[in-house]
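Trainee: Got a structure here, written out as structure tokens. Questions coming.
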Amino acid sequence: MKKDEVFGVAGESGCGKSTLAFAIMQYMKPPRYLEDGKIIFDGINLLKLDKEKLREIRWKRISLIPQSAMNALNPVMKVKEQIADAIMAHEKISKEDLSARILELLDSVGLPPRVAEMYPHELSGGMKQRAIIAMAIALQPELIIADEPTTALDVAVQRLVLQTILNVRRKLRSSLILITHDMGVQAASADRLGIMYAGKMVEVGDVVSIYKNPLHPYTELLISAIPSIKKKKTLKGISGLPPDLINPPSGCRFHPRCPYAMEICKKEEPEIREISSQLVACHLYN
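Right under this line is the structure:
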């Protein structure tokens, strides 16, 4: 991540996008576990921190907008109580200042003051998602992770929610990891883009370069599947299904579905390397 950038993470369902977010936040629940590696944030390896040190960073400096607002909100607590919970865990604040902060947060995401006194079941899907955004920005974090923030919303509400996230991020000058399989949303929102397949990043680059010159066959196929409102074109699908990650294919994990697969692809996993300012893991560029 770079400071004050939007880094998009794209790929099919089941490729590991949400798992990546949960790994960063260390919200892994058994049977999931972190086996190895490093998570470096501002020079700190988050995997080396004890629970209390990690809590000081989580939500205060790194926050998460989870995928399903319906499941993320506590159904028996008012919205104001849930926002207050996150703030009071990190700050000593008077009741008057806390109430004012909550109303200010709701206003910043386009919600009226009455929402503070409402329960989640009284809100629409878009209002729930914006309430979650208010919680995520309550402590002005340096990094916001938005995990499929527009899932299960209609197109008009998707646009409103996405614009809200981008506006508050710009106001706070926070960095944003935007996780979504919607390549159109990534094209309109991200500065850089990472393409994931079967648990691994296969291509990374600035969003304009990736859309104009996709290097990995998987990226190429994802982009070719985007419909155009300007001209008629034949939409291409990607044959086959994502692999079972308990028993992934040998070599390049995409080779069973790749139109350019070679013999080496079945045997050796490609290393990620820099080609034309983009990072790509593909034997086509050996």
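Just so you know, we're using numbering that gives the first Met the number 0 here: the sequence shown kicks off at 0 and counts up by one. Cβ atoms here follow ideal geometry from the backbone N, Cα and C, with glycine treated the same way. Everything numeric in this text was worked out from a predicted model, so none of it was measured.
#1: Quick check on the DSSP output: what are the complete alpha helix (DSSP H) runs of length 4 or more inside the stretch 227-277, in order along the chain?
#2: So, is I86 buried or exposed, given that buried needs 16 or more other C-beta atoms within 10 angstroms?
#3: Please give me, in chain order, every unbroken run of the beta strand (DSSP E) with length at least 3 that falls completely inside the stretch 14-70.
#4: Could you work out which residue in R252, T233 and K231 is closest to P241 when comparing CA atoms only?
#5: Nearest to L171 by CA position, among R158, I132 and D205, is which residue?
#6: Keeping to the same chain, check which residues put their C-beta closer than 7 Å to that of L165; ignore five residues upstream and five downstream.
#7: Am I right that T149 and V184 are in contact with their C-beta atoms under 8 Å? What's the rounded C-beta distance?
#8: Using only the alpha-carbon positions, how far apart do K77 and I92 sit?
#9: Let's test the definition: count the other Cβ atoms within 10 Å of the Cβ of C173 and tell me whether it reaches 16, buried, or not, exposed.
#10: So for L192, helix, strand or coil by DSSP?
#11: So A146 and I64 are in contact, right, with Cβ under 8 Å, and what is the actual spacing, rounded?
#12: With C-beta atoms as the reference, is C257 less than 7 Å away from P216?
#13: With three or more C-beta pairs closer than 8 Å as the rule, is the stretch 192-206 touching the stretch 1-14?
#14: In whole angstroms, what separates the C-alpha of Q66 from that of G236?
#15: Could you name the residues of the same chain whose beta carbon sits closer than 7 Å to that of K127, not counting the 5 residues immediately before and after it, in chain order?
#16: Helix, strand or coil: how does DSSP classify A224 here?
Mentor: If we stick to the structure as given:
#1: The stretch 227-277 contains these whole alpha helix (DSSP H) runs: 262-266.
#2: Answer is buried; the Cβ neighbour count reaches 16.
#3: Unbroken beta strand (DSSP E) stretches of 3 residues or longer found wholly inside the stretch 14-70: 61-64, given in chain order.
#4: The option with the nearest alpha carbon to P241 is R252.
#5: Minimum Cα distance to L171 is reached at I132.
#6: The answer, listed in chain order, is S188.
#7: About 7 Å; that satisfies the 8 Å criterion.
#8: Roughly 19 Å separates the two Cα atoms.
#9: In the sequence as displayed, the identity of residue 173 is Ser instead of Cys. Burial call: buried.
#10: Three-state DSSP puts L192 in a strand.
#11: The sequence shown places Asp at residue 146, rather than the Ala named in the question. The Cβ separation is near 6 Å, so the contact holds.
#12: For C257 and P216, yes; Cβs fall inside 7 Å.
#13: Because the criterion of three Cβ pairs below 8 Å is met, the stretch 1-14 and the stretch 192-206 touch.
#14: Roughly 25 Å between the two C-alpha positions.
#15: So the list reads A68, M69, L72 and P119, once near-sequence residues are dropped.
#16: In this structure, DSSP gives A224 a state outside helix and strand, which the three-state scheme calls coil.
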